[in-house]
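Here the structure is laid out as structure tokens; the discussion comes afterwards.
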Amino acid sequence: MQQDTLTAEVVSIGDEMTSGARLDTNAQWLSRRLGELGIEVTFHSTVGDTLQHNIDVFRTAALRADVVVCTGGLGPTRDDLTRQALADVVDQPLELRQSALDHIHHLFARRNREMPERNEVQAMFPVGSLEIFNPQGTAPGVDVTFDRPDGSGSRLFALPGVPAEMKRMFDETVAPRILESGGARRHIEHHVMKFFGVGESDMEQRLGEMIARDHVPRVGITVSSATISLRISAIGPSAQDCHRQIESTRAEIMQRVGELHFGDGEEFEQYHAVERMLTERGESLVSVELGRSAVLANWFASLGESSTYRGGFCFAKLGELATVLDCDAAAALETLRRRCGAQWLVAVDEYPSLESSDDQPLPAADVTLIVIDPTGAVLSTNSRLGGHPSIIYERIGKAALAWLRHVLTEPRAERSDNPTAAR
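Going by the UniProt record's numbering, the first residue of the sequence shown is number 1, and it counts up by one from there.
The following block contains the structure:
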């Protein structure tokens, strides 16, 4: 592994993966960590518990990637086939490693148990391979090199599927071995920007050549429940060079679509942005949702203890809230804001009914998004929002937060209905 640019493939093993019975979070974690080491992950593969299929996948991966990291298939049962598959790929027999066997015996002894004979298979390694010590479990990993026809080598690392064991073994053994072999000759850095207010096609049109596949650094676009994420992926000789690329590209993106931007970070959402804005101002918020959803309340509740959020209220109709507060419907929202001691109120009036049984996109419905500021002024915008039943409530909730952010950032004298909140 002496070239400047290394590629990697992550292989996930197990019938529970191919059947969809279990979510593969290991591959996601490994891809991020390999990227942090300066290695570009170019392929993901998933294979069931069939020996020949494992052999085929390992051989294919080794021929096209410089580093292969696989998880799963290192247990003691008959369907744990990773060791044998690796041995067949590198054309070497399996041999017993006494050091690994002693460690397995020791783990069972600590639990006051006798090691079953079947666990001995976990101490078997292809001849010429290296052991990856597992301090937490009975499944040591395997480190073996596959010699390719062109004379180069591909490094295969096999790790257990248990996430806690896999992560520790990768960080303590696999990553250092990759670094020692000269694998980190470049840096890869990622930066995620979040946007709301237009569709994917509109965003692509406004960004133009910035999202072309040959743009440096690469800018990828994804959409989830109407939130657009732009991932800037920079590759360079140093972290500083990557950061320079990212900052330059980020600045250009902000020039083009900055009014839609609400924050940065993989997990950052609009409710995080609202909480940050209110915290900086020393102010608080209460939410009201009319209809059959409570996405705002759920989002803010997920923040845990927060001095900025005074609670969320859900009613079928505004009249129900007025009855509870013993006031006129027109004054219900402002009455609730004052009684909760909050400076701000955000409300959705109202979520449409999802009574359709054909799972088809809903026709656009009129929704009123309401914000009441610390002076009691009511600021509202009407939106026509539609979409698939699985995302329509989130889309409406996000539109409400976008309207709230608009009101929070605009000086009162300059406030006006923001068209992006209605898209």
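Cβ atoms here follow ideal geometry from the backbone N, Cα and C, with glycine treated the same way.
Just so it is clear, the structure is predicted and the values come from calculations on it, not from any experiment.
By the CB criterion at 9 Å, LEU51 and ASP88 fall inside the cutoff.
Counting only the Cα atoms, GLY199 lies some 17 Å from LEU401.
Bounds of the alpha helix (DSSP H) holding LEU401 are 392-409. GLY153 and SER45 have their C-alpha atoms spaced approximately 20 Å apart. Three or more beta-carbon pairs separated by less than 8 Å are not found between the stretch 383-397 and the stretch 315-335, which leaves the two stretches without contact. Taking a C-beta distance under 9 Å as the contact criterion, ILE235 and SER229 do not qualify as a contact pair.
Annotation for PRO76: ARG118, ASN119, VAL121 and GLN122 place their beta carbon closer than 6 Å to its own, counting only its chain and skipping 5 residues before and after. If you draw a 10 Å sphere on the C-beta of PRO149, you find fewer than 16 other C-beta atoms in it, and that means exposed. In this structure the stretch 199-215 lies against the stretch 251-271, because at least three pairs of beta carbons, one per stretch, are closer than 8 Å. Just so you know, the alpha carbons of ARG256 and ALA322 end up roughly 44 Å apart.
Here GLY282 is exposed: its Cβ has fewer than 16 other Cβ atoms, across all protein chains shown, within 10 Å.
Taking 9 Å as the cut-off, the Cβ atoms of LEU96 and MET124 count as close. Residues of the same chain with their beta carbon placed closer than 6 Å to that of GLU180 are lacking, with the five preceding and five following residues left out of the count. Judged by DSSP secondary structure, ASP147 falls within the beta strand (DSSP E) whose first and last residues are 141-147. Note that the C-beta distance between VAL286 and TRP344 is below 9 Å. The DSSP-derived three-state label of TYR309 is strand. Between GLU289 and ALA297 the beta-carbon gap is near 7 Å, inside 8 Å, which marks them as a contact.
If you check the CB distance, VAL348 and LEU369 come in under 9 Å. At least 9 Å separates the beta-carbon of VAL69 from that of ILE13. Within a 10 Å sphere around the beta-carbon of LEU159 sit 16 or more other beta-carbons, which makes this residue buried. Less than 9 Å divides the Cβ of ARG292 from the Cβ of TYR351. Within a 10 Å sphere around the beta-carbon of SER201 sit fewer than 16 other beta-carbons, which makes this residue exposed. Per DSSP, the unbroken alpha helix (DSSP H) holding LYS167 starts and ends at 163-169. In the three-state scheme derived from DSSP, where H, G and I count as helix and E and B as strand, ALA377 is classed as coil. For VAL274, the uninterrupted alpha helix (DSSP H) run begins and ends at 270-281, by DSSP.
Here ASN382 is exposed. Its C-beta has fewer than 16 other C-beta atoms within 10 Å. Assigned with DSSP and collapsed to three states, ASN382 falls in strand.
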